[in-house]
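Okay, structure first, notes after.
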Amino acid sequence: MAEGAKAIEVAGLTRRFGALVAVDGLSFEVRAGEIFGLVGPDGAGKTTTMRMLAGVLPPDAGGIHVAGSDVVRDPEGAKNSLSYMPQRFGLYEDLTVDENIRFYADIFGVKSKRRDERSGQLLRAAGMSEFRDRLAGKLSGGMKQKLGLVCALIHTPKVILLDEPTTGVDPVSRRDFWRILYSLLAEGVAILTATAYLDEAERCHRVALMHQGRLMFCDTPANLKKR
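For the sequence shown, the positions run 2 to 228 when our numbering is used.
Shown next, in the form of structure tokens:
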């Protein structure tokens, strides 16, 4: 995807749960080669938004296009072009690091040569090369999150959706996590991350501040701080 091209387009996105409006007329776009942050407290609607963008939760109203696919009409259409990493990524704790990576590579049809090249690069970036034979259940919380990111990136997606990926993660693992994200920008990847950490919001190119399902402000971190 060419740098600067629209990778995510959201228009009037709305989702209700009974009388509760979890997401209320949300509109924004994310471009290739950009890290875009959804920032807000618990209950702001970040996770609901992520699930709709990933095609696992249908919206009540509004449009979503991810990597050129209409997610509302064809939720499966963008699956090979995106990765969605929820707050609790589905690692298999009785499998090793390598076995988890191989499992996710097989799901996306990644050939063994490409898988080995890609996993080697990502594990080195995550500082996990020496842990390939360790059971996932024996990893620290931060290392589990980094392994989850490696698995989510194994098929070289164009769009990455990360739902509060570093919550409760140690500072060293958070640093490694963000180093991996920045390394993806040269590939033209669009990254949408949800966070409640303001220091992480400052790492994004642009930020959308959410409150009770609504987008309050959307700008660069520097411009938002000036306000």
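From the three backbone atoms N, C-alpha and C, an ideal C-beta is built for every residue, glycine too.
Which of helix, strand or coil does DSSP assign to residue i?
i, result
"S130", "helix"
"K114", "helix"
"L150", "helix"
"F104", "helix"
"L54", "helix"
"G69", "coil"
"R135", "coil"
"T157", "coil"
"G26", "strand"
"T97", "strand"
"R32", "strand"
"L92", "coil"
"L21", "strand"
"G121", "helix"
"T167", "coil"
Since I believe residue j is in contact with residue i (beta carbons under 8 Å), could you give me their beta-carbon distance rounded to a whole number of angstroms?
i, j, result
"R32", "A191", "6 Å"
"L162", "S70", "With a Cβ gap of about 14 Å, L162 and S70 do not count as contacting."
"S130", "L124", "5 Å"
"F90", "L193", "Contact doesn't hold; Cβ gap of about 16 Å is too wide."
"D164", "Q88", "5 Å"
"T49", "V24", "5 Å"
"P166", "M86", "6 Å"
When we look at the beta-carbon of residue i and count the other beta-carbons within 10 Å, is it buried (16 or more) or exposed?
i, result
"E94", "exposed"
"G143", "buried"
"Y105", "buried"
"L21", "exposed"
"K114", "exposed"
"E77", "exposed"
"R43", "Residue identity differs from the one stated: residue 43 is Asp in this sequence, not Arg. So D43 counts as exposed."
"I108", "exposed"
"R180", "exposed"
"A45", "buried"
"L199", "exposed"
Please give the ranges of any alpha helix (DSSP H) in the region 169-203, keeping only runs that are unbroken, at least 4 residues long and fully inside the region. Here the runs fully enclosed are 172-185 and 199-202.
Does the region 56-65 come close enough to the region 98-116 that 3 or more CB-CB pairs lie under 8 Å? Judged by Cβ distances under 8 Å, the region 98-116 makes no contact with the region 56-65, as fewer than three pairs qualify.
Are the region 28-48 and the region 211-223 touching by the rule of at least three beta carbon pairs closer than 8 Å? Because the criterion of three Cβ pairs below 8 Å is met, the region 28-48 and the region 211-223 touch.
Three-pair Cβ contact test at 8 Å for the region 204-213 versus the region 11-18: Contact annotation: the region 204-213 does not touch the region 11-18, with fewer than three C-beta pairs closer than 8 Å.
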